[in-house]
Every structure is written in C-alpha cells, then in structure tokens.
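Quick note, the sequence shown lines up with residues 0 to 310 if you use numbering that gives the first Met the number 0. Scroll down for the structure; my scribbles are underneath it.
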Amino acid sequence: MVRVSQELNVGDSLEGQRADKAVATLLQVSRAEARRCFDEGTVSRGGHALRPSDRVANGDVLALDVPQRGHRLVPEPIEFGVVFEDEDLAVIDKPTGLVVHPGAGNAAGTLVGGLLHRWPEIEGVGEYPRWGIVHRLDRETSGALLIAKTADAHSALQAAIGAHEVSRKYLALVHGLFPAPTGTIEAPVERDPTQPTRQRVAASGRPATTHYSLRAAWEEPTMTLLDVELETGRTHQIRVHLNSIGRLVVGDPVYGRPGPTGVDPGRVWLHATRLEFSHPLTEVRIEADVPLAPELSASLEGLGAPSSGAI
C-alpha cells in the first residue's frame, strides 16, 4: 500500500488544542478525516506517537505517515510548454491556475496528471502523489518549473535545491514605489491557522528569505516591476513577504489588490522567469528562460514607458 508522509508546523493560535483538531485545521479537512490519520496511520511528535486527545504546542512539528486512500494517478492531457528536456529532467512552463500535484480538493486536473500523460516513465519518481516534482509553484504563479524524469535526477536536484544551488528567479509587478534599488526580506512564514488557505509572517514559522531588485517603476499609477530571487520556497512566499512590507502584488486576490483598468491581468502578476542550475548527472550548466505569459506582457504595455528603469 502506498503511504504518504507529511510534516505539519503548529503555530501559536493552535497552542493547547487537541492533536486531532490541529491536524484538521492544518490539513483543511474535517475532524472525522483528521481522526483517520490517527486510526489508519501514525501522527507523531519528536518520534513519539500522538493520540487524538493529546495537546499540541506552538512550535511543534507533527509528522504524519498515513496510507494513501486514493487510487493510482491518472494521466491527463493537460497542456504546458517545455523549455528544456533531456532523458533525466525537464524545465516546463507551468500555466497560471494549475495546481502542481493532487491534494485536498484537487484529486484530478493537476500538473502531475499532465506530466504522466507526456512522460509515463516519471511514475514512481519521488514521493506519491508528487511524481517528478522537485520544487513547486503556487497555483496562481506561471513559469519555470523543474521536473525530474529519473529517481537519480530527483534525489540530486532536491539536494541541490536544499543546498541553494538552484537559482529561481521571478518577475513581480507590485503597487507602490521602493526607497532603495535592492532589498532582502527575511521573515518566517507559516500557514495562517485562522484562515488555512492563507500564509502569514510569524515568529513560529519556517525560515524564509526573498531577495528583490527594481527593474522598472511608474509614477502614475505608482507601480514597480521587481526581479525576485528565492533562497527558500515556502508556500506563497513572495506574495506574503511583499505584503509584509506593504507592497501588494497586482492582481492578487488574497494578499494584494487589482491593478487599474488596462493594467490588471486578471490573475496574480507573478511569473517564474528563469532557472539556473548544474545538470545533476552531466554537470553541464543549464540556464532556462521562460517568456512572460501574454496577459502579463499586455499588462506592461498598458502601463506604457516606465518613469525609471527598463522593461
């Protein structure tokens, strides 16, 4: 039987709560579904199994090891671009609005189904249900995503990402101007326990670092186009970090706000533009660029010539 392992980080708002309630909140499932994690698998803390009635504390890391209740992942003809490919790996252009892998409420219609349709050999590469996935992009983010096609490539690429040897670069259009041409945001990020679909900056979160530099700026409307590079890859990291310094991503319905007519792209204005890394087996340096999606290019055209910098 296929088993799924996952770690959950307990924030301060869950301090003193029952373990089953904490699991339900963090997984965004019902209490009954959370209880199945205890009944059919293992929920542990520090290597010791928990009962549903045990209490959790801020900073706890809950380790889940549960049987996968679903069925074999089904290949689906989902469209995506391919920027680079060889027998070991690929760099693809993920469309906006596409969830990377199955999860709660997203059993089908995910990128993994499309990967299996194009490359059936990736089944079994990595952990179920994330076949082939080395890192992830949020549903709303488009652009460059690295895919492993073999087990050796998968383990080597994950190690490279963990060692910060894979450069992941983005473009983001945000409301407002910046006082300095470059900056770094270092702030821990965790799931917001009061709104589980959101993340938040909190001292109890996981370390997260985002670097940015100004590419172009407009004074009317006041907007800035940023080059962004990640050291870590937390869920919604760029959007949450920019929100934490009062710079909201254009078109972001969760952490930002729409842009003016003719500028708002109808989606989150965030695109993964470039991946740079050494091939894990040949050691050849790979630099893969993914052009902007048409609606993002049209958004920049709607802004006209920048007041400073260049597109």
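Glycine is no exception: its CB is placed at the ideal position from the N, C-alpha and C atoms. These numbers come from a predicted model, not from an experiment.
Using 10 angstroms around the beta-carbon of Asp11, count the other beta-carbons present and answer buried if the total reaches 16, otherwise exposed.
-> With fewer than 16 other Cβ atoms within 10 Å, it is exposed.
Helix, strand or coil for Gly113 per DSSP? helix
*Between the stretch 162-174 and the stretch 268-282, do three or more beta carbon pairs fall short of 8 Å?*
yes
Query raised in the report: Taking DSSP as the reference, what is the three-state secondary structure of Leu156?
Result: helix
Need the endpoints of the beta strand (DSSP E) that Thr149 sits in, please. Where Thr149 is concerned, there is no enclosing beta strand (DSSP E), given that its DSSP letter is neither H nor E.
Val42, enclosing alpha helix (DSSP H) - first and last residue
Unbroken run through Val42 is the beta strand (DSSP E), Thr41 to Arg44; no alpha helix (DSSP H).
Is Met0 helix, strand or coil by DSSP?
-> Since pLDDT at Met0 reaches only 48, below the 50 mark, its modelled position is unreliable, and the value read off the structure follows with that caveat. Note: Met0 maps to coil in three-state DSSP.
**Request:** Quick one: which unbroken beta strand (DSSP E) runs of 3-plus residues sit fully inside the stretch 199-251? Chain order, please.
**Result:** 208-218 and 221-229
**Prompt:** DSSP puts Ala62 in a beta bridge; with which residues?
**Reply:** Glu6 and Ser43
Check: How long is the line joining the alpha carbons of Thr24 and Gly45, rounded to whole angstroms?
Finding: 20 Å
Exercise. In angstroms, rounded to a whole number, what distance separates the CA positions of Pro293 and Gly250?
Worked result: 15 Å
**Request:** Give me the Cα-Cα distance between Thr223 and Asp59, rounded to the nearest whole angstrom.
**Result:** 38 Å
Give me whichever residues DSSP pairs with Lys93 in a beta bridge.
Answer by DSSP bridge pairing, in chain order: Gly142.
How would you label Asp92, buried or exposed, when you count the other beta carbons within 10 angstroms and need 16 or more for buried?
buried
*Give me the Cα-Cα distance between Leu145 and Ser203, rounded to the nearest whole angstrom.*
29 Å
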